[in-house]
Amino acid sequence: MIKKILVANRGEIAIRVIRTCREMGIKSVAVYSEADRASLHVRFADEAYYIGPAPSNESYLVIDNIIDAAKKSGADAIHPGYGFLSENAEFSERCEKEGIIFIGPSAYAINTMGDKITARKKMQSANVPVVPGTTEPITDLDKAVEIINEMGLPVMIKASAGGGGKGMRLVTKEEEIVPAVTSAKSEAFAAFSNDEVYIEKYINSPHHIEFQIVADKHGNCVHLFERECSVQRRHQKVVEETPSPIMTEKVRDDMGEHAVAAAMAVNYSGAGTIEFIVDDELNYYFLEMNTRLQVEHPVTEMVVGVDLVKTQINIANGEELDFKQEDLKQTGHAIEVRIYAEDSDNNFMPNPGTIEHMTEPLGLGVRHDGYVYTGYEIPIYYDPMISKLIVWAPTRPEAIERMKRALYTYKITGIKTSIPFLYRILDVPDFINGRYNTHFIQDNEKYLLPPKKDSQQEEDLSAIAAFVNYLANLDNHNENHNCKPPVNNWKIFGRKKNVIRL
Ligand code: MV4
Numbered sequence: 002m003i004k005k006i007l008v009a010n011r012g013e014i015a016i017r018v019i020r021t022c023r024e025m026g027i028k029s030v031a032v033y034s035e036a037d038r039a040s041l042h043v044r045f046a047d048e049a050y051y052i053g054p055a056p057s058n059e060s061y062l063v064i065d066n067i068i069d070a071a072k073k074s075g076a077d078a079i080h081p082g083y084g085f086l087s088e089n090a091e092f093s094e095r096c097e098k099e100g101i102i103f104i105g106p107s108a109y110a111i112n113t114m115g116d117k118i119t120a121r122k123k124m125q126s127a128n129v130p131v132v133p134g135t136t137e138p139i140t141d142l143d144k145a146v147e148i149i150n151e152m153g154l155p156v157m158i159k160a161s162a163g164g165g166g167k168g169m170r171l172v173t174k175e176e177e178i179v180p181a182v183t184s185a186k187s188e189a190f191a192a193f194s195n196d197e198v199y200i201e202k203y204i205n206s207p208h209h210i211e212f213q214i215v216a217d218k219h220g221n222c223v224h225l226f227e228r229e230c231s232v233q234r235r236h237q238k239v240v241e242e243t244p245s246p247i248m249t250e251k252v253r254d255d256m257g258e259h260a261v262a263a264a265m266a267v268n269y270s271g272a273g274t275i276e277f278i279v280d281d282e283l284n285y286y287f288l289e290m291n292t293r294l295q296v297e298h299p300v301t302e303m304v305v306g307v308d309l310v311k312t313q314i315n316i317a318n319g320e321e322l323d324f325k326q327e328d329l330k331q332t333g334h335a336i337e338v339r340i341y342a343e344d345s346d347n348n349f350m351p352n353p354g355t356i357e358h359m360t361e362p363l364g365l366g367v368r369h370d371g372y373v374y375t376g377y378e379i380p381i382y383y384d385p386m387i388s389k390l391i392v393w394a395p396t397r398p399e400a401i402e403r404m405k406r407a408l409y410t411y412k413i414t415g416i417k418t419s420i421p422f423l424y425r426i427l428d429v430p431d432f433i434n435g436r437y438n439t440h441f442i443q444d445n446e447k448y449l450l451p452p453k454k455d456s457q458q459e460e461d462l463s464a465i466a467a468f469v470n471y472l473a474n475l476d477n478h479n480e481n482h483n484c485k486p487p488v489n490n491w492k493i494f495g496r497k498k499n500v501i502r503l
């Protein structure tokens, strides 16, 4: 039985895991880099170990340092969180070799799903629908042109080792095929030291819908329904919700069954996610599997009522799942937004710095998974995501209103955040109607751009300017009693043609 877990991560997810450890009576061990001495995950854990300098490739990504900390602390298991070493097959294997339980899948499952060509073959043999295309790497350019002409344009050239859009090219014209394959290959080689690319039919304006699955080590596997993740920017999710506004009972059941079949095909154990792209007719295709706990897991927890971290730990302990597919149902609606330390109105520039003041949103149906606090300096070395705001409500419209209420009361000063941008998303008609796909942000730019300096702001500025002017005149009046008493002429300052420029 697991008694002590080392959390090989930082930020909100480290805290998320530590919270469940405490509820389960399991001791928690934090690890921290030089930049994270003052981080909250260090204070939340029962013990903490220093693992190296700030850059992650000298600390959170150094397998030897993490294993050392696990041994020193006597941890019997490691939770990798997401990112960092969470989908590193070598790390999973190393933990096993050292007699430490890796709270995640086997190296085999990570490797098979990590290579897209291998994964596509596996899915085909498990009768899971994949995007039409090839399952062998392109080796001959003439042959590739021939195959693509037969399939019909447009197509996508994708890196087998890729993910998140790296090494991916859209091809719409025949003459673009050769340059696209060549550049996809070199980008893939530079990023993954693997230049294998393959062909997929292009699905226009797809939805990104993923299924959460959990599998134990006794052959039981169930899905916990879908998450709609189509609101993305540059392959980064911005809003996630469940249930998906476009889903039907029938498609949900079919996709869920295919998600379970996908996981079973690689003998999966633990929590995982099957990503699908879905077209407007609700045809769906396996895209890839994420062999980790995901950032957006809380929306599933809120609607299905399952603690996914607790489930992961129970599975790692060798226990059987304590629920069956028919025990699970979706209740109500959950939405998550990701809060970034960035200037969304200025090209989404990362904006790390010190939090001067923070007021967290609270109240009925609000969950805030974060790690920053008043006075905390956000390090520049890591992801700029500072927190996730999750709301639950009985219906989707109520969840949207609740999220707007929560964002309205979420105050952070000292740094710029994406809170105003997120608020604007919740006001876009296509979002409110639930009619959106992965092109949502580019299709709704006019709603999402920062508001023009409106008349209210102009009036506020005029009032301030007029008051400063009044004070100056007041000083003058005190020195020279022959003058008429000064007047506050802010209405004059507020007149359009007299707009004050500071
Ligand atoms: C596609 C696609 C259309 N057709 N594949 C983007 C990241 C990677 N995970 C796969 N991606 C896509 N693959 C075919 N055959 C469109 C995308 C895509 C996308 C997918 C999911 C979520 C957001 C996206 C944004 C742009 C493009």
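End of the sequence shown sits at 503 in this note's numbering; the numbers just go up one at a time, nothing left out.
For glycine and all other residues, C-beta sits at the position ideal for the given N, C-alpha and C.
Model, not experiment: these values are computed from the prediction.
Query	Result
Lysine 251 classed as buried or exposed, judged by whether at least 16 other C-beta atoms fall within 10 angstroms	exposed
Residue from Gly100, Glu59, Val63 and Ser57 with nearest C-alpha to alanine 78	Gly100
Bounding residues of the alpha helix (DSSP H) (the contiguous stretch that carries glutamine 295)	Taken as a continuous stretch (DSSP letters only), glutamine 295 belongs to no alpha helix (DSSP H), as it is neither H nor E.
Under 8 Å between C-beta atoms of valine 156 and tyrosine 199	no
Coil, strand or helix - serine 126 by DSSP	helix
Proline 81 burial status per 10 Å Cβ neighbour count (16 or more: buried)	buried
Environment of threonine 140 [buried if 16+ CB atoms lie within 10 Å]	exposed
Classification of lysine 4 by the beta-carbon crowding that lies within 10 angstroms, buried from 16 upward	exposed
Alpha carbon of serine 107 to alpha carbon of histidine 42, nearest angstrom	27 Å
Span of the alpha helix (DSSP H), counted from its first residue to its last, around glutamine 443	441–444
Spatial neighbours of proline 380 in its chain, beta-carbon cut-off 6 Å, leaving aside the 5 residues before and after	Ala36
Alanine 185 classed as buried or exposed, judged by whether at least 16 other C-beta atoms fall within 10 angstroms	buried
Stretch-stretch touch, CB-based, cutoff 8 Å, three pairs: the region 384–399 with the region 318–331	no
Sub-8 Å separation of isoleucine 247 and histidine 209 beta-carbons	no
Span of the alpha helix (DSSP H) around serine 93	90–98
When Pro133, Arg38 and Ala46 are compared against serine 60, the one with the closest alpha-carbon	Arg38
Asparagine 268 to isoleucine 340 span [Cα, whole Å]	35 Å
Spatial distance of alanine 407 from glutamate 137 (CA atoms)	49 Å
Whole-angstrom C-beta distance between valine 261 and valine 223, which should lie under 8 Å	7 Å
Spatial distance of tyrosine 33 from alanine 49 (CA atoms)	7 Å
Cα-Cα separation, threonine 312 to glycine 271	8 Å
Any 3 or more C-beta pairs closer than 8 Å across the region 218–232 and the region 421–440	yes
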